[in-house]
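Note that numbering that gives the first Met the number 0 gives residue 100 to position 101 of the sequence shown, counting from 1, and the numbers run on in steps of one. Where a beta carbon is used, it is the ideal one built from N, C-alpha and C, also for glycine.
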Amino acid sequence: MIRRYSPALTAAWDAFVDASKNGTFMLKRGYMDYHSDRFVDHSLLFYEDDELVALLPASQHDTELRSHGGLTYGGLITSNMITVQVVIKIFDAIKEYMKENHIEKIIYKRIPAIYHKYPSDEDIYALYHAGMQLVRRDVSSAIYLPSKIKFSKRRIRGCKRAAKQGIVIKESNDYSTFISIVADILMKYHDTKPVHTAKELELLACRFPDNIKLYAAFLEEKMMAGVVMYETETVAHAQYIANSDEGKKIGALDAVMEYLINTKYADKIYFDFGISTEDKGMFLNEGLATQKQEFGGRAIVYDFFEIVI
Numbered sequence: 000m001i002r003r004y005s006p007a008l009t010a011a012w013d014a015f016v017d018a019s020k021n022g023t024f025m026l027k028r029g030y031m032d033y034h035s036d037r038f039v040d041h042s043l044l045f046y047e048d049d050e051l052v053a054l055l056p057a058s059q060h061d062t063e064l065r066s067h068g069g070l071t072y073g074g075l076i077t078s079n080m081i082t083v084q085v086v087i088k089i090f091d092a093i094k095e096y097m098k099e100n101h102i103e104k105i106i107y108k109r110i111p112a113i114y115h116k117y118p119s120d121e122d123i124y125a126l127y128h129a130g131m132q133l134v135r136r137d138v139s140s141a142i143y144l145p146s147k148i149k150f151s152k153r154r155i156r157g158c159k160r161a162a163k164q165g166i167v168i169k170e171s172n173d174y175s176t177f178i179s180i181v182a183d184i185l186m187k188y189h190d191t192k193p194v195h196t197a198k199e200l201e202l203l204a205c206r207f208p209d210n211i212k213l214y215a216a217f218l219e220e221k222m223m224a225g226v227v228m229y230e231t232e233t234v235a236h237a238q239y240i241a242n243s244d245e246g247k248k249i250g251a252l253d254a255v256m257e258y259l260i261n262t263k264y265a266d267k268i269y270f271d272f273g274i275s276t277e278d279k280g281m282f283l284n285e286g287l288a289t290q291k292q293e294f295g296g297r298a299i300v301y302d303f304f305e306i307v308i
């Protein structure tokens, strides 16, 4: 049985995410619903013999379903007890649900494997079995923290330069200053704006204080660079990275990264820098990829699948 999400199911949804083998806080309702004014939620809950066995975060865009339009990823969330046979049935049921609800296409954004707390590739096989096609692949850079690759000589020089200048790294709640640095960089180099406003980041950090944190480099109390971190059980993910023009000259971001990778999150499994691709994955921003690789990051992929009825 499939049920469409409603606010009355919030507690059940969040409890399932917490107990799942591949869900993260970004897939809980408090995170997904902060931008509910921008998306028509069409999330689904799947039951077998009245027992909740899976969730699909999703939003509807005309006759298209995306999992989820406002999230980096949002594939099927499952428990440790689920089997590949059940997941195949779920995708068969999804296709029937699409027909009944006049949905012509699904864009399925799979949860990257580094976020899995237990093997969770049932959906990959079920996607293949259901005839879904890979339509987009973004490349990110991640560090396997138990066996880190050394920083490049350039990144090491940056760390030494920052130390010589007296840079101090500390946690901050000044999202306003941080986002202003992000906005300046994006407008200057990419002619775009940040996805989140300072108020939105403050709201999310308030809702998820154990998961969302800002760490910044300061020179005489002036913020030079910073990183907004999204923490899950297995991954420390750099959601936003900002380095002011002044910060670039003194290695401010290098100092922040060195602290996060080698000290703050040394006990995590992965440090994920986020994607370095544009144009639906077809263009690799080599400068961005190089910077992340110089910290020891190596490629992981964020996959998008499509099924058309």
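Check, Outcome
"May I ask you to list the residues that DSSP assigns as paired with I178?", "The partner list for I178 (beta bridge, DSSP) is empty, contrary to what the question assumes."
"Return the bridge partner residues of G225 from the DSSP annotation.", "A215, A241"
"Is D302 near the ligand NAP, with its Cβ less than 7 Å from a heavy atom?", "Among the components modelled here there is no ligand, and therefore nothing to report on the ligand NAP."
"Tell me, please, which residues DSSP counts as bridged to E230.", "A235"
"Give the DSSP-derived three-state secondary structure of F15 in the structure shown.", "helix"
"Using the rule of at least 16 other Cβ atoms within 10 Å of the residue's Cβ for burial, across every protein chain shown, is M223 buried or exposed?", "buried"
"Kindly confirm or deny that the stretch 100 to 120 and the stretch 226 to 235 touch, where touching means at least three C-beta pairs closer than 8 Å.", "yes"
"Whole alpha helix (DSSP H) runs in the stretch 2 to 66 with 4 or more residues, listed along the chain?", "9 to 18, 28 to 31"
"Among A162, L259, G280, V181, which one has its Cα closest to the Cα of I249?", "A162"
"Give every residue of the same chain whose Cβ lies closer than 7 Å to the Cβ of P56, excluding the five residues on either side of it in the sequence, and list them in chain order.", "L26, M31, S42, S66, H67, L70, G73"
"When you compare each of A251, R206, G246, L8 to Y229 by their alpha carbons, which one comes out closest?", "R206"
"Quick one: grab the DSSP three-state call for S171.", "strand"
"Looking at C-beta atoms only, is the number of pairs between the stretch 146 to 156 and the stretch 192 to 206 that lie closer than 8 Å three or more?", "no"
"So L133 is in the beta strand (DSSP E); what residue range does that whole segment cover?", "132 to 143"
"Drop a sphere of 10 angstroms on the beta-carbon of Y188, count the other beta-carbons inside from all chains shown, and report buried for 16 or more, exposed for fewer.", "exposed"
"Nearest to S35 by CA position, among D48, L51, Q59, is which residue?", "Q59"
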